[in-house]
Amino acid sequence: MSGTVSELRRYPIKSFQTSLVDQVDLGPDGIIGDRFLGLREVGTDRVLSAKAPRLGETLLSFAAEFDRTPTAGQPMPAVTVTIDGKSFSTTDGAAISAAASAALDMDVELVTAGAEALNYASEWPDIGEGFALSGIEIDLPSALAERGSFADLEPLHILTTASIAHIQERAGDSVINSDRFRPSILIDTVDAEGLIENDWEDRTATIGGATIQFA
Numbered sequence: 000m001s002g003t004v005s006e007l008r009r010y011p012i013k014s015f016q017t018s019l020v021d022q023v024d025l026g027p028d029g030i031i032g033d034r035f036l037g038l039r040e041v042g043t044d045r046v047l048s049a050k051a052p053r054l055g056e057t058l059l060s061f062a063a064e065f066d067r068t069p070t071a072g073q074p075m076p077a078v079t080v081t082i083d084g085k086s087f088s089t090t091d092g093a094a095i096s097a098a099a100s101a102a103l104d105m106d107v108e109l110v111t112a113g114a115e116a117l118n119y120a121s122e123w124p125d126i127g128e129g130f131a132l133s134g135i136e137i138d139l140p141s142a143l144a145e146r147g148s149f150a151d152l153e154p155l156h157i158l159t160t161a162s163i164a165h166i167q168e169r170a171g172d173s174v175i176n177s178d179r180f181r182p183s184i185l186i187d188t189v190d191a192e193g194l195i196e197n198d199w200e201d202r203t204a205t206i207g208g209a210t211i212q213f214a
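In terms of numbering that gives the first Met the number 0, the sequence shown is residues 0 to 214.
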């Protein structure tokens with residue numbers, strides 16, 4: 000199967016918005032600079048996630064953009080952060096922490112993924128009986144934090160236009176687009192149909208100069 004890269008996204012701060020980019024530097028742990036920053040709740044050591052219903056809408060209103068393209072093996076460039084219409088630079092982490100704390104009405108601080116292992120709260124709304132993950136909250140480890148990323152489980156999230164179209168067919172009047180899923184890479188699979196990613200286990204893909212192994 001073949002397809003074309005339709006969108007590339009790199010999220011400097013976990014659960015913040017970002018914009019499309021023209022190119023990314025891809026390493027063993029995913030896109031260089033992806034989710035290398037996050038907001039930690041002071042007192043609980045949890046990294047905030049937009050999966051938490053009470054936080055999601057506000058967190059996703061924040062935006063973050065690198066001032067220049069990050070490169071493997073080099074110090075991360077500064078990030079411009081926008082919170083409630085005001086812009087800040089990560090060169091002043093305290094200002095970002097204060098602005099985010101005010102907007103979220105909770106005490107948070109900007110942290111860098113690194114040697115310290117942190118958890119994030121995975122919250123699932125109550126959607127009725129018969130669903131295993133309905134109405135529960137559980138702390139999960141940030142699996143890649145010690146390797147420099149606050150990505151939840153895997154270093155790279157790849158989505159296809161076939162899956163978006165499949166979900167849209169079943170979503171009624173809801174508008175389904177790639178932003179809902181926050182993928183790293185969106186692949187235009189042209190005429191393919193269905194949730195085709197489910198068939199990719201143990202297969203490889205070549206994207207640009209990278210070879211990707213699907214587990």
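Glycine residues also receive a C-beta, built at the ideal position from the N, C-alpha and C atoms.
- Counting only residues of its own chain and dropping the five nearest sequence neighbours on each side, Met75 has a CB closer than 7 angstroms to the CB of Gly32, Phe35 and Pro69.
- Bounds of the alpha helix (DSSP H) holding Gln167 are Thr160 to Glu168.
- In this structure, Ala77 sits near Thr89, with a CB-CB distance shorter than 7 angstroms.
- Between His165 and Leu194, the CB-CB gap stays under 7 angstroms.
- CA-CA distance, Asp187 to Ile211, rounds to 17 angstroms.
- DSSP places Ala98 in the helix class (H, G or I) of the three-state scheme.
- Per the Cβ contact rule, the region 166-175 is not in contact with the region 199-210 (fewer than 3 Cβ pairs under 8 angstroms).
- Apart from sequence neighbours up to five positions away, the residues of its chain that approach Val107 with a beta-carbon distance below 8 angstroms are Leu38, Arg39, Glu40, Val41, Leu47, Ser96, Ala99 and Ser100, ordered along the chain.
- Per DSSP, reduced to three states, the secondary structure at Ser88 is strand.
- Secondary structure note for Gly208: it is in no beta strand (DSSP E), with a DSSP letter that is neither H nor E.
- Linking Met105 to Ala62 through their CA atoms gives a straight-line distance of about 18 angstroms.
- Of Ala71, Ile30 and Val80, the smallest CA-CA separation from Phe65 is found for Val80.
- In this structure, the straight-line span from the alpha carbon of Ala131 to that of Lys50 is close to 16 angstroms.
- The beta carbon of Ser177 lies closer than 7 angstroms to those of Glu6, Leu158, Ile163 and Leu185 in the same chain, with the five residues before and after it left out.
- Judged by DSSP in its simplified three-state form, Pro76 adopts coil rather than helix or strand.
- In the DSSP assignment, Leu109 falls within the unbroken beta strand (DSSP E) covering Val107 to Thr111.
- Distance from the CA atom of Thr111 to the CA atom of Gln73, rounded to whole angstroms, is 15 angstroms.
- The Cβ atoms of Ser14 and Leu58 lie closer than 7 angstroms to each other.
- In the assembly as shown, Pro182 is a buried residue. Its beta-carbon has 16 or more other beta-carbons within 10 Å.
- Going by DSSP, Leu7 is part of the beta strand (DSSP E) stretching over Thr3 to Leu7.
- Its chain contains Ala142 as the residues whose beta carbon lies nearer than 7 angstroms to that of Leu152, once the 5 sequence neighbours on both sides are disregarded; these appear in chain order.
- In terms of CA proximity to Leu109, Ala94 leads the group Ala144, Gly55, Trp123 and Ala94.
- Annotated three-state conformation of Pro140 is strand, per DSSP.
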